[in-house]
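One structure is given here, and the rest of the page talks about it.
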Amino acid sequence: MKLLIKLFTFTFVFISAPLYANNLATINIEYIIEKNIEFQNFLNNLNEEQKLMNDIFKKKNLQLENEKKEIEDLQLILNTQEINIKNNLFIKKVEEFNAEIKQFDYYINKNIEINQNIIINKIIKIASDISNSQNIDIVFDETNFFISSDKIDISNLVIEQLTLEKETYLITPKEDLF
680 MKLLIKLFTF
690 TFVFISAPLY
700 ANNLATINIE
710 YIIEKNIEFQ
720 NFLNNLNEEQ
730 KLMNDIFKKK
740 NLQLENEKKE
750 IEDLQLILNT
760 QEINIKNNLF
770 IKKVEEFNAE
780 IKQFDYYINK
790 NIEINQNIII
800 NKIIKIASDI
810 SNSQNIDIVF
820 DETNFFISSD
830 KIDISNLVIE
840 QLTLEKETYL
850 ITPKEDLF
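Here the sequence shown is numbered in the numbering used here, starting from 680 and rising by one per residue.
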């Protein structure tokens with residue numbers, strides 16, 4: 680038995696392979712995007728444009744509701760063929776209105792997607808530069824860890840670097856998206 684214990688001790692102490700520790704870091708991409716002033720300005724500008732269009736859409740919707748009420752009121756006066764013509768024209772206007780809303784939603788979402796890709800690629804590049812300069816082996820994002828120490832979180836370093844580099848996020852014109 681003593682021989683067996685000595686053999687195990689010898690094996691673990693002298694023969695085992697050296698262990699290496701990896702330098703780890705974490706990054707919170709959502710937090711970085713929230714703290715990026717240029718990206719938040721872009722979102723605010725896009726939000727203002729969206730508010731303006733929502734007001735226009737509300738007015739158009741009100742016009743359509745009034746037109747629908749007019750058609751309903753005319754049902755007692757006009758014959759079936761005339762009512763059908765007015766209904767068909769109304770349906771066409773509603774379809775065009777819905778297409779316009781859908782197109783605007785696409786425009787807003789596409790602008791967000793384009794600029795999110797820009798900032799995420801920038802964050803990846805900066806995180807890569809930081810990890811290389813600080814000999815960090817692995818960087819986890821907020822979806823890949825549960826809790827981490829502030830000592831290994833490089834989010835603020837990325838925010839500082841993003842602030843220095845000042846990326847401009849632009850609203851792509853509608854003509855360029857369609």
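C-beta: ideal position from N, C-alpha, C; glycine also.
Going straight from the alpha carbon of residue i to that of residue j, what length do you get?
i	j	result
Phe718	Leu856	20 Å
Phe819	Phe769	55 Å
Asp734	Asp829	45 Å
Ile780	Glu761	29 Å
Glu727	Asn720	11 Å
Gln731	Asn767	Before going further, note that residue 731 is Leu rather than Gln in the sequence given. Computed Cα separation, rounded: 29 Å.
Ala778	Phe824	42 Å
Ile711	Lys748	50 Å
Glu751	Phe736	22 Å
Ile716	Gln813	26 Å
Leu757	Glu746	15 Å
Asn722	Leu843	A quick correction: the sequence has Leu, not Asn, at residue 722. Whole-angstrom Cα-Cα distance: 20 Å.
With C-beta atoms as the reference, is residue i less than 8 Å away from residue j?
i	j	result
Ala704	Ile831	yes
Ile838	Lys714	yes
Phe783	Leu743	no
Ile708	Glu821	yes
Leu841	Ile805	yes
Asn640	Ile817	Because the chain spans 680 through 857 in this model, residue 640 falls outside it and cannot be assessed.
Lys772	Leu753	no
Could you pull the start and end residues of the alpha helix (DSSP H) that residue i belongs to?
i	result
Ile833	Run containing Ile833: none; DSSP gives neither H nor E here.
Ile750	Ile716 to Leu753
Asp816	First-last for Asp816: undefined, no H or E at that position.
Glu854	Lys853 to Leu856
For the beta strand (DSSP E) containing residue i, name the first residue and the last one.
i	result
Leu703	Leu703 to Ile706
Let me know if residue i comes out buried or exposed under the rule of 16 or more other beta-carbons within 10 Å of its beta-carbon.
i	result
Asn800	exposed
Asn859	Only positions 680 to 857 of the chain appear in the structure, and residue 859 is not among them; the question remains open.
Asn794	buried
Ile706	buried
Tyr785	exposed
Item to check | Contact the stretch 830-844 vs the stretch 800-812: 3+ CB pairs below 8 Å | outcome: Contact between the stretch 830-844 and the stretch 800-812 is present, because at least three Cβ pairs lie under 8 Å.
Item to check | the stretch 772-790 contacting the stretch 841-853, beta-carbon criterion three pairs below 8 Å | outcome: Yes: the two stretches touch, three or more of their Cβ pairs being nearer than 8 Å.
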